[in-house]
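Colleague: If you scroll down you'll find the structure; I have some questions about it.
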Amino acid sequence: MPEILDQARTQVLGDGVGLDEAGVLAVLNLPDEHLPAALQLAHEVRMRWCGPEVEVEGIVSLKTGGCPEDCHFCSQSGLFTSPVRSVLLDIPSLVEAAKQTAKTGATEFCIVAAVRGPDARLMKQMREGVAAIKAEVDIQVAASLGMLTQEQVDDLVDMGVHRYNHNLETCRSYFPNVVTTHSWEERWETLRMVRDSGMEVCCGGILGLGETVEQRAEFAAQLAEINPHEVPLNFLNPRPGTPLGDRQVVEGKDALRAIAAFRLAMPRTILRYAGGREITLGDLGTRAGLLGGINAVIVGNYLTTLGRSANADLELLDELKMPVKALSATL
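All residue numbers for the sequence shown refer to full-length UniProt numbering, where the first residue is 1 and numbers rise by one.
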């Protein structure tokens, strides 16, 4: 057994203390023959510190496309030639999407907008949309609206939004290679305000943007520092027309190594399968990740790419005897 896994068994599984950056890097560099042991340990950590339940979430875009930022992986940027154009969803459609999400058994519905940050019109739509959903659907509402002011954070709390997603996307040292229209520090400041407000923090990113293995370890350590309630783990699904449209997909074994490493860095965090897992891992890899530290999934389609069917994911969870987390008003 590699020394890092022995250390993790004592420190992470035994004491609930996550690995530091050096430890994460050691897991990311494990040879293939030790990957099953790393995944097994990550699964034991997840079961001990998070339990067997899996949180299921659906997402919908309130505003799609036409974003002024230049995130190089994103087909919603208005600066690239990718074929996503600006669309605004009306409130009845938003409520219907929440109803359909709830029918899958999901406990979480996330409203997303492709913007640098919300303007007054979008905040008004959010207030109306959240109120309409809460009046008709028994589901938790989360939001992802870009960078916020303190006033906007307070407004979202008042609306009853219980969790806010704002991904750092990648580590601090690599971020300027991926986004130039705003800084990593601006994103960090929004996360700080959200955390201080009492809303749950959802913060993750995308692997496969061109970062080194060392930078993946740096990213895991920076996520652990902000102590998010949830980390959505995406794998780049290269989008035509974007600057990263010709990137190679992350190798399945490297993706699984990352799942184990991020779980061992953050033993108590919800680690959620998000975009790109279908092309990176396929069905067998998806199963391996669920048995290797993952304890949440986004069901159905993503914002601009297709996902697995909700039924396929729910059937897999049932087969693995992983109960879907019940809706809790205390979240």
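Using N, Cα and C, we set each Cβ at its ideal position, and we do this for glycine too. Bear in mind the structure is a predicted one, so any value in this text is a computation, not a measurement.
Just mark E200 as buried or exposed, buried being the case when its beta carbon has 16 or more other beta carbons within 10 Å.
Modeller: Buried, by the Cβ-count rule.
Colleague: Whole angstroms are fine: how far does the CA of H162 sit from the CA of A22?
Modeller: A22 and H162: Cα-Cα distance of roughly 33 Å.
Colleague: Could you have a look at N167 and say whether DSSP puts it in helix, strand or coil?
Modeller: Correct three-state label for N167: coil.
Colleague: When the Cα of A224 is compared with those of G208, A265, L244, L209, which residue comes out closest?
Modeller: Answer by Cα proximity: A265.
Colleague: Using a 10 Å radius around the Cβ and a threshold of 16 neighbouring Cβ atoms, would you call T170 buried or exposed?
Modeller: Burial call: buried.
Colleague: Compute the beta-carbon to beta-carbon distance between E230 and I270, rounded to the nearest angstrom, for a pair I have assumed lies under 8 Å.
Modeller: 4 Å between Cβ atoms; contact.
Colleague: Taking the alpha-carbon positions, what's the E185 to H166 distance?
Modeller: E185 and H166: Cα-Cα distance of roughly 12 Å.
Colleague: Note the first and the last residue of the continuous beta strand (DSSP E) segment covering residue 351.
Modeller: No information on residue 351 is available, as it lies outside the stretch 1 to 331 that the chain covers here.
Colleague: Can you grab the Cα-Cα spacing for the pair L290 / L156, in whole Å?
Modeller: Looking at the two C-alpha atoms, the distance is approximately 32 Å.
Colleague: Check whether the Cβ atoms of P232 and G208 sit closer than 7 Å, and answer yes or no.
Modeller: Not in contact: P232 and G208 (Cβ atoms no closer than 7 Å).
Colleague: State the start and end residues of the unbroken alpha helix (DSSP H) segment that holds L223.
Modeller: Note, L223: alpha helix (DSSP H), 213-226.
Colleague: Which residues mark the beginning and the end of the alpha helix (DSSP H) in which L17 is found?
Modeller: With the sequence shown as reference, residue 17 is identified as Val, and Leu is not the correct amino acid for it. Taken as a continuous stretch (DSSP letters only), V17 belongs to no alpha helix (DSSP H), as it is neither H nor E.
Colleague: Could you give the C-beta distance for D20 and A221, rounded to a whole number, given that I count them as a contact under 8 Å?
Modeller: Going by Cβ atoms, the distance from D20 to A221 rounds to 6 Å, so yes, they are a contact pair.
Colleague: Quick check on this structure: which residue in T286, L316, R268 has the alpha carbon closest to the alpha carbon of E44?
Modeller: That would be R268, whose Cα lies nearest to the Cα of E44.
Colleague: What span of residues does the alpha helix (DSSP H) with S197 cover, start to end?
Modeller: Residues 184-197.
Colleague: Take I279 and list the residues in its own chain whose beta-carbon comes closer than 7 Å to its own, dropping the five residues that flank it on each side.
Modeller: Taken in chain order, the residues that qualify are N237, V249.
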